[in-house]
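Start counting the sequence shown at 15; every next residue gets the next number (our numbering).
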Amino acid sequence: MPTLLDVKGLKAGYGPTHVLHGLDFQVEEGGVTALLGANGAGKTTTLRAICGMVRTEGEISFRGDRLHGRATEDIVRRGIAHVPDGRGTFMELTVEENFKLGAYVRNDNQVQADFDRMCAWFPRLKQRWKQQAGTLSGGEQQMLAIARALLLRPKLLLLDEPSFGLAPLIVQEIFGIMRRIRDESGVGILLVEQNANLALELADLAYLLETGTIVMSGRAAEIRQDEAIRRSYLGY
Ligand code: ATP
């Protein structure tokens with residue numbers, strides 16, 4: 015598959031603190047790349063670096079264009095949607111209003127069709143259409159955040175720990191929806207996850223981050239089958 019996002023030698027940090035020490039990784043077009051690693055490894059910082067939200071060095075190439083030094087709005091306009099940890103829905107607004115905000119910048123005539131598609135992917139959101147986002151369950155808020163990001167019609171979706179703090183059954187449901195998104199929309203996904211087992215089931219490529227350095231990478235299917243790698247790097 016052609017490369018959608020190509021990252022080379024990515025360094026990033028906050029003030030004098032260096033957090034990422036030169037990462038190389040890719041997301042393929044329409045594919046899922048999992049970025050695994052323990053707390054504090056630098057996963058969230060990697061997503062922020064792609065969005066232009068932290069100081070970076072190195073090359074970030076998206077569909078052949080360099081992103082380095084561009085403003086976040088420009089990066090979003092080029093087709094990258096970010097669902098941050100903590101989700102970032104508008105709590106006071108209803109599901110419907112959050113959808114409308116998600117599509118606010120669009121001026122094409124496919125918005126209603128996309129609303130219908132989101133309601134098919136996320137039937138729970140359709141059931142709660144007039145409900146305030148702040149009153150939704152954690153899982154439903156996560157779904158709303160993903161749906162809203164998809165309404166930007168991105169080519170690449172950056173997802174920061176979509177399973178965080180959710181019950182196992184809801185996590186399964188969200189991973190099922192991500193699989194559908196991948197299969198039916200062709201959107202590439204860069205997925206940050208602590209749940210390596212689930213992430214490797216979904217992903218095409220996987221990278222393991224330890225203190226800002228990639229210590230293991232490969233095709234997710236091969237990593238899953240390699241018991242020694244799983245045991246020594248992923249702890250299961
Ligand atoms: P987690 O799963 O806990 O979010 P992570 O792998 O996403 O972990 P990051 O959030 O990227 O890790 O954090 C990497 C390092 O950067 C940590 O040592 C953290 O303390 C530091 N860090 C994160 N955000 C900031 C910030 N705004 N200012 C200073 N240091 C930060």
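For glycine and all other residues, C-beta sits at the position ideal for the given N, C-alpha and C.
Could you check if residue i is buried or exposed, using at least 16 other CB atoms within 10 Å of its CB as the buried criterion?
| i | result |
| --- | --- |
| alanine 48 | buried |
| leucine 263 | Any property of residue 263 remains undetermined from this structure, which presents the chain solely from 15 to 250. |
| serine 246 | exposed |
| methionine 105 | exposed |
| leucine 158 | buried |
| valine 97 | buried |
| glutamate 175 | buried |
| glutamate 207 | buried |
| threonine 258 | Any answer about residue 258 is impossible in this case: the structure gives the chain only from 15 up to 250. |
| glycine 33 | At residue 33 the sequence reads valine, which differs from the glycine that was named. Valine 33 comes out buried. |
| tryptophan 135 | buried |
| glycine 116 | buried |
| glutamine 239 | exposed |
| proline 30 | exposed |
| aspartate 88 | exposed |
| threonine 103 | buried |
| glutamine 156 | buried |
| tyrosine 221 | buried |
Relative to ligand 2, is the shortest distance from any of its heavy atoms to the C-beta of residue i smaller than 7 Å?
| i | result |
| --- | --- |
| glutamine 145 | As far as ligands go, the structure on display features ligand 1 and does not contain ligand 2. |
To the nearest whole angstrom, what separates the beta carbons of residue i and residue j, a pair I think is in contact under 8 Å?
| i | j | result |
| --- | --- | --- |
| alanine 255 | alanine 95 | Residue 255 is absent from the model: the chain starts at 15 and stops at 250. |
| glycine 202 | valine 41 | 5 Å |
| leucine 18 | leucine 170 | 6 Å |
| aspartate 69 | alanine 26 | Before going on, a small fix: residue 69 reads as arginine here, not aspartate. With 8 Å as the limit, arginine 69 and alanine 26 qualify as a contact, their Cβ atoms being about 6 Å apart. |
| asparagine 209 | serine 177 | 5 Å |
| glutamate 154 | leucine 139 | 7 Å |
| valine 46 | leucine 205 | 6 Å |
| aspartate 38 | glycine 23 | 7 Å |
| arginine 142 | valine 109 | 5 Å |
| methionine 192 | leucine 165 | Contact flag wrong, Cβ pair sits at about 16 Å. |
| glycine 93 | proline 168 | 5 Å |
| leucine 219 | alanine 234 | 6 Å |
Could you tell me which residues DSSP puts in a beta bridge with residue i?
| i | result |
| --- | --- |
| valine 21 | Phe39 and Ile74 |
| aspartate 174 | Val206 |
| glutamate 224 | Thr227 |
| tyrosine 28 | Thr31 |
| leucine 219 | Thr47 and Arg233 |
For chain B, check one thing: does any of its Cβ atoms lie closer than 8 Å to the Cβ of residue i?
| i | result |
| --- | --- |
| valine 229 | Given the protein chain composition of this structure (a single chain), no chain B is represented. |
Exercise. Can you check the region 135-166 for any alpha helix (DSSP H) of at least 4 residues that lies completely inside it and give the ranges in chain order?
Key: Within the region 135-166, the complete alpha helix (DSSP H) runs of at least 4 residues are 137-141 and 152-164.
Quiz item: What residues sit near ligand 1, counting only those whose C-beta is closer than 5 Å to one of its heavy atoms, in chain order?
Solution: Chain order is used for the residues whose beta-carbon lies nearer than 5 Å to a heavy atom of ligand 1, namely Tyr28, Val33, Asn53, Gly54, Ala55, Gly56, Lys57, Thr58 and Thr59.
Practice problem: May I have a chain-ordered list of the alpha helix (DSSP H) segments no shorter than 4 residues that lie completely inside the region 45-133? | Solution: Within the region 45-133, the runs of alpha helix (DSSP H) that reach at least 4 residues and sit entirely inside it are, in chain order, 57-64, 86-91 and 109-116.
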